[in-house]
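Protein chains: 2
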Amino acid sequence: MTEKSGQGRSQVDLLLRGGVVLTMDPARRVFSPGAVAVRDGQIVAVGLERDVAARCEASEVVDCVDQIIMPGLVNTHTHMPMSLLRGLADDLRLDVWLYGYILPVEREFVNPEFCFLGTLLSCAEMLRGGTTCFADMYYHEEEVAWATVQAGMRAVCGETVVKVPTPDAATYEEGLRYCADFLEHWQGHELITAAPAPHSVYMCTPEILRETTELAQRYRVPQLIHVSETKEEVEQWIEATSMGPVRWLEEQGVLETKVVAAHCVYVNAEEMSLLARYHVGVAHNPTSNLKLASGVAPVAEMLEKGLAVGIGTDGCASNNDLDMVEEMRLAALLAKGFSGSPVAVPAIEAVAMATIYGAQALHLDHLVGSLEVGKQADIIVVRLDETYAVPRFETTGMNIYSYLVYAAKSWDVRHVFVRGRQLVRNGELLTIDKEEVISQAEDLARRINRFFVEREKNVLDKLVAIGGLKRQETFEVQAKGILQSEEAFRKALQHPDIHIIRHTSRDQYDTYFIFDDPEQGWLRYREDHVIQPDGSVEPIYFLTLTGPGKEDVYEGSIVLSRARYTAPADRSLRFYREYFQPKEEREIIKHRERYHIRYKGLDFAVNLDRLLKPASRDLFVEIKSRTWSQRDALRKAKLITELLRIFGAQPEDMLQREYVDLFSETGDSE
Amino acid sequence: MTEKSGQGRSQVDLLLRGGVVLTMDPARRVFSPGAVAVRDGQIVAVGLERDVAARCEASEVVDCVDQIIMPGLVNTHTHMPMSLLRGLADDLRLDVWLYGYILPVEREFVNPEFCFLGTLLSCAEMLRGGTTCFADMYYHEEEVAWATVQAGMRAVCGETVVKVPTPDAATYEEGLRYCADFLEHWQGHELITAAPAPHSVYMCTPEILRETTELAQRYRVPQLIHVSETKEEVEQWIEATSMGPVRWLEEQGVLETKVVAAHCVYVNAEEMSLLARYHVGVAHNPTSNLKLASGVAPVAEMLEKGLAVGIGTDGCASNNDLDMVEEMRLAALLAKGFSGSPVAVPAIEAVAMATIYGAQALHLDHLVGSLEVGKQADIIVVRLDETYAVPRFETTGMNIYSYLVYAAKSWDVRHVFVRGRQLVRNGELLTIDKEEVISQAEDLARRINRFFVEREKNVLDKLVAIGGLKRQETFEVQAKGILQSEEAFRKALQHPDIHIIRHTSRDQYDTYFIFDDPEQGWLRYREDHVIQPDGSVEPIYFLTLTGPGKEDVYEGSIVLSRARYTAPADRSLRFYREYFQPKEEREIIKHRERYHIRYKGLDFAVNLDRLLKPASRDLFVEIKSRTWSQRDALRKAKLITELLRIFGAQPEDMLQREYVDLFSETGDSE
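Protein sequence lines correspond, in order, to chains A and B. Read in our numbering, the first sequence has 177 at position 147, and its numbers run on one by one without any break. Read in our numbering, the second sequence has 644 at position 614, and its numbers run on one by one without any break.
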């Protein structure tokens, strides 16, 4: 350039010129053709191209003719490393998805390397799609922060704290310590805001909330938390505390800090006002809330109430991508469909949610969210040259927003700048080695695949995966018989050689899962209703995996040795059904009187069973005893045969079987 | 290739090899690595690569390693030419959008060239996004068909028939004739199925439905029709016919033909069964139904009932793109959020809806929708190399469908084939000159923009655009006065010189729209409640556009000459508000007693007005008379001054104004 041209013009680092500039400033000004000038990572001029260009001498000029120049998109809620679990297990109920897949994998694979790699993979996708800033909630958040800095992005990194053990903390005290160190370490960083992320009211103790609130206040940073995502969660909370989650958070003093509340699907008018009063930022996650069938957040009402409602993708495990353009469109569409008003959340509002409202929600609007002089140069350039971008109308003044929301795609993003640094040029990532990240992700996927393939092959491993297992080797002698009459049995209990030690009465509801491979044995879900002396019933639920056993027969009795694994069944039958996917199911319901007796100096268990399903008129007597040696087994087998006679039942070979085999319709597990 | 290699191998035109083949056949078989062989536009082999490759000698081989080979996507409901109206007017209520924008533009611009160009533009977008087949409903359908053939795509082209005039038919008889010729002309075409498209039950007469049904039967083609898209539509229909639209269609014999029913948002269980019984195909349009706030179709239930439910984008005016990958995702997500079940419409079902179910819905599943030997080679190849496509899991057997539905984008489509002919190679269109189509679309957009800019500038034109206008030049003398007392007025009516000819009493609710440019005058929406002798009220609604007038003052009276345009206000105030977007609104409510009197041989209208809003204790008397000459005006002005005195009101200059100006808070319309 000549001396002359430089006269009276200020030197800038970067000039984006010729495009349609959507400032998203309070007046929503649009300059076309417009320009934006950047110096030292800050916006120093925004306006019509002729004005800005006349005032600036730029070291680098980016031609944006026929493109949109706008603020970078702000993703207000995600779990970056979970991109490594994308598509692992979809279309399942929340508990199956969480307990059956996500938690086991997190236990097995989530470590610092996992979090660093996952964050890089997510940054690559986000940058390519025009996202320049995000709020994350995960573990090993130090790694998330480092990966984000490497990518050159801006983020609120929330270290998740929960009351249960996590991949980076055996106890929540540990988690809080990690959190405190993390905040201390990153304070004042130009791109990273390190923040505490108490998971939710139901996953945190009041103490955790007090501590994170204290940390947020000390370091003047936001707190990230999930709020009222599902109906059940809210109902249970109200039942437990007679207070809605939002009020509870107020009680705990959490709302005194800069809070970012993810989801807010079930918040009533009063709660919205409360959130507004405390300037709580809201992260709306349309795809995730639909995919997990949580519901639809009342976005239009929240916006009316003056709440800063941003948009989030949530983690890849529930989305499955990180496409803010998609989320922006869905936010606009969903609000209309569910409010019944086609004018709800018009395109310009949806764009605001993805930019300036998002920045407000993260309490970063003093830095980003709009193209205004003095703000950070987080800018994206979006092309308008695809078939779905034409024709271009100027009939309503809103057409350009309408294009962005209802037709544009994330891959239309051509250039991305954060603090004036170019991170994407013509759709190419400049700070991340895409191929390398992808190949590392594929390596990990292969390992996770193997983990699951192994697990799927083996019922025991699946049982182990959901935890709480107890193994026990059993080696016992047992025999069954059909009773002549109940009287005979009752009389036999008076027999001089039979001493009753203990007696219980119970109803047993058993569901047997049968698997293709008989080697897997069968899994029994038992609901055991023990009838107490006072007549009350105390149900016990447990799972028993019984492996195929070695059998020997000694006269009428059978000697079984096999491995049994039992675990408390703390989830529903439906859960186990969807999780284990048995080939077949069989149900046995019986009333059982159990007598622990001593006979000829040895202990036996005698069960008087009345089968209710499948119904049988017969009364069965089952006699069992633990045994430790062949000789002992032989001796007990003899005594069992005697006992069967005393109780007036005759042994039959077929009765050596379990009820489940005895009454199998198909019997194909034999 | 050598002789040898050819031995025992059959010659084929095309071999797609190495990819993951999603057949979408009844068993949903997946071959990986798989291959598909094509000869004469038909699929001759599908299976594992090693088997197929071993059997085939191909003239052309396409390497699909690490890509998905699947059936082309089927868009079951759209309006192709409307891509030229993309983004014209969004986020408006249906009536404003339709009557204010779409219909006026269609009246002005829709001709054969428009339909040909618009279809090419849509084909370009569809092909790029993996759509190979669609069902269209529009006008000048001959042009739609020709453009589709040029693009090489497959389509059911439905010529729309309605009871009102259309861009290609002044009467519906004409429309039916066009339709008959169209069906005759295209019968047996290898790509095009020409079909009648009666718009809907409410836009068609029974005669139209009889005729289109007769045509569909004669040519053995489907009928395309909109069914139960909105709640109002269904409620009104039931009110009018005491029968739901579906039952009505059965009554008319329409369901005897191969029907494709678009939307079906409001169909109950009984109607679903009815649709299933007649094998009616359903086109589900998730984006359109949300965007227009119509609601959400009960897709999960319809699928359960065994209905063939395909997916449609609807026209660009209500979407605003033609992205079937997006629609597929939304269909899967919405069903979950709407049904509250996260397992509703799993990914594999969503892919089926976009392919084989769509083909069934269009009654074309004998030709397309799945990759099976004997079917047409409508095939797409989708890449898996983007960040959001990793990691790739094989944990559930459904991961590949999950990837397609929840993460893939339309731009991942690399190759597209229809009848074995390649239409897209590496994302490049082979049959359409994209740049040329875009530039033509832009030219048209410029013309439409001008049309609207002109119209927006001018309230009168906007009024004309929605029709029913009557122009009248008025030239009248008028004066207002404030009454001393009502008694004085009543007494005056007994005055010997005053003869009452007619007397009415009414409540008038006026809303004035004030515009930025005073030259526009103001628009009045009047609800005139004339109180009948029997005390009953008969409201009249009309719009009056009053231009700025020339004024002269003769003593207390004012002589006004100005143009007035009146039109019956057959739509809601809300409609006019959103359509005209006034800068300001003012409301005047008054009770008016009108006396038509004769005074000294001349006719005058005397109004006794009691203002209710803004409320005023004063009673106003307004005296008016038509006039035709300056001399006559001068004479009448004198008489009006006399009359005002007789009625006991004194004239004031300020009272020469209209009430709306008299009581304007801001007065800025002066």
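Think of the CB as a built atom: it goes at the ideal place given N, C-alpha and C, for glycine as much as any other residue. Because the structure is a prediction, the values reported are computed rather than measured.
Since residue i and residue j should fall inside the 8 Å C-beta cutoff, what is the C-beta to C-beta distance between them, to a whole number of angstroms?
| i | j | result |
| --- | --- | --- |
| LEU460/A | VAL454/A | 6 Å |
| ASP43/A | VAL68/A | 6 Å |
| ALA509/A | ILE670/A | 5 Å |
| VAL257/A | PRO236/A | Not a contact, Cβ separation roughly 16 Å. |
| ILE561/B | SER535/B | 5 Å |
| THR385/B | VAL104/B | 6 Å |
| ALA28/A | ALA361/A | The question about residue 28/A has no answer here: the residues shown for chain A are numbered 31 through 700. |
For residue i, which of the options has the nearest alpha-carbon?
| i | options | result |
| --- | --- | --- |
| GLU203/B | GLU241/B, LEU221/B and CYS187/B | GLU241/B |
| LEU756/A | CYS94/A, LEU46/A and ALA88/A | Nothing about residue 756/A can be reported from this structure: the residues present for chain A run from 31 to 700 only. |
| PHE164/B | LEU122/B, ASP121/B, ALA292/B and ALA210/B | ALA292/B |
| ILE99/A | GLY38/A, VAL82/A and THR53/A | THR53/A |
| MET332/B | SER318/B, LYS261/B and VAL310/B | VAL310/B |
| ILE409/A | ALA88/A, HIS396/A and HIS445/A | HIS445/A |
| GLY218/A | ARG250/A, LYS521/A, ASP55/A and ILE430/A | ARG250/A |
| GLN452/B | GLY38/B, LEU45/B and ARG39/B | LEU45/B |
| GLU458/A | GLU90/A, ILE132/A and GLU155/A | GLU155/A |
| ILE378/B | PHE144/B, MET302/B and ARG359/B | ARG359/B |
| PRO111/A | LEU128/A, MET167/A and PHE212/A | MET167/A |
| HIS533/B | GLU623/B, GLY336/B, ILE588/B and GLU608/B | GLU623/B |
| LEU649/B | ARG520/B, GLY577/B and LYS261/B | ARG520/B |
Taking Cβ-Cβ distances shorter than 8 Å, what residues in chain A pair up with residue i?
| i | result |
| --- | --- |
| MET428/B | ASP120 and ASP121 |
| LYS464/B | THR417 |
| PRO376/B | ASP120 and ASP121 |
Who are the Cβ neighbours of residue i in its own chain at under 7 Å, not counting the five residues just before and after it?
| i | result |
| --- | --- |
| LEU490/B | LEU575 and TYR595 |
| ALA199/A | GLY205 and TYR208 |
| TYR387/B | ALA338, VAL339 and GLY340 |
| GLY345/A | THR108, HIS109 and MET112 |
Can you list the residues of chain A that residue i reaches, using a CB-CB cut of under 9 Å?
| i | result |
| --- | --- |
| THR317/B | ARG359, LEU363 and TYR436 |
| SER371/B | ARG123 and ALA323 |
| GLU155/B | GLU416, THR417 and TYR418 |
| LYS439/B | ASP351, ASP353, GLU356, LYS439, SER440 and TRP441 |
Applying a beta-carbon distance threshold of less than 8 Å, which residues of chain B neighbour residue i?
| i | result |
| --- | --- |
| VAL326/A | GLY367 |
Residue i CB to nearest chain C CB: under 7 Å?
| i | result |
| --- | --- |
| THR425/B | No chain C appears in the structure shown, which is made up of the protein chains A and B. |
Please work out which residues of its chain come closer than 8 Å, Cβ to Cβ, to residue i, disregarding the five sequence neighbours upstream and downstream, and give them in chain order.
| i | result |
| --- | --- |
| ALA495/B | GLY130, PRO134 and ARG485 |
| MET31/B | In this prediction, MET31/B scores a pLDDT of 34, lower than 50, which makes its location untrustworthy; the coordinate-derived value is nonetheless stated afterwards. GLU87, listed in sequence order. |
| TRP278/A | VAL231, TRP267 and THR271 |
| GLY723/A | Beyond the ends of chain A as shown, which are 31 and 700, falls residue 723/A; an answer cannot be given. |
Note down, in chain order, every chain B residue with its Cβ under 9 Å from the Cβ of residue i.
| i | result |
| --- | --- |
| GLU472/A | VAL420, PRO421 and ARG422 |
| ASN456/A | Neighbours of ASN456/A on chain B: none; closest Cβ ~15 Å, over 9 Å. |
| ASN488/A | The contacting residues do not exist; ASN488/A stays about 14 Å from chain B at best. |
Under 6 Å Cβ to Cβ from residue i, same chain only, skipping five residues before and after it: list those, please.
| i | result |
| --- | --- |
| ASP537/A | HIS559 and HIS621 |
| PHE634/B | ILE627, ILE653 and SER655 |
| ASP691/A | none |
Going along chain A in order, which residues have a C-beta closer than 7 Å to the C-beta of residue i?
| i | result |
| --- | --- |
| TYR433/B | GLY117 |
So residue i contacts chain B; which residues on that side make the cut at Cβ distance below 7 Å?
| i | result |
| --- | --- |
| ILE410/A | Going along chain B, no residue has its Cβ under 7 Å from ILE410/A, so there is no contact; the nearest lies around 17 Å. |
| LEU333/A | The premise fails here: LEU333/A is roughly 14 Å from chain B at the closest Cβ pair, so nothing lies under 7 Å. |
Between the segment 658–665 of chain B and the segment 566–573 of chain B, do three or more beta carbon pairs fall short of 8 Å?
no
Any contact of the segment 173–193 of chain B with the segment 144–156 of chain B, i.e. 3+ C-beta pairs under 8 Å?
yes
I want to know whether the segment 343–356 of chain A touches the segment 435–445 of chain A - three or more CB-CB distances under 8 Å.
yes
Is the segment 68–80 of chain A in contact with the segment 280–299 of chain A, if contact means three or more CB pairs nearer than 8 Å?
no
Are three or more beta carbon pairs between the segment 184–197 of chain A and the segment 256–271 of chain A nearer than 8 Å?
no
Does the segment 423–432 of chain B come into contact with the segment 118–125 of chain A, if we say contact requires no fewer than three beta-carbon pairs (one atom in each stretch) closer than 8 Å?
yes
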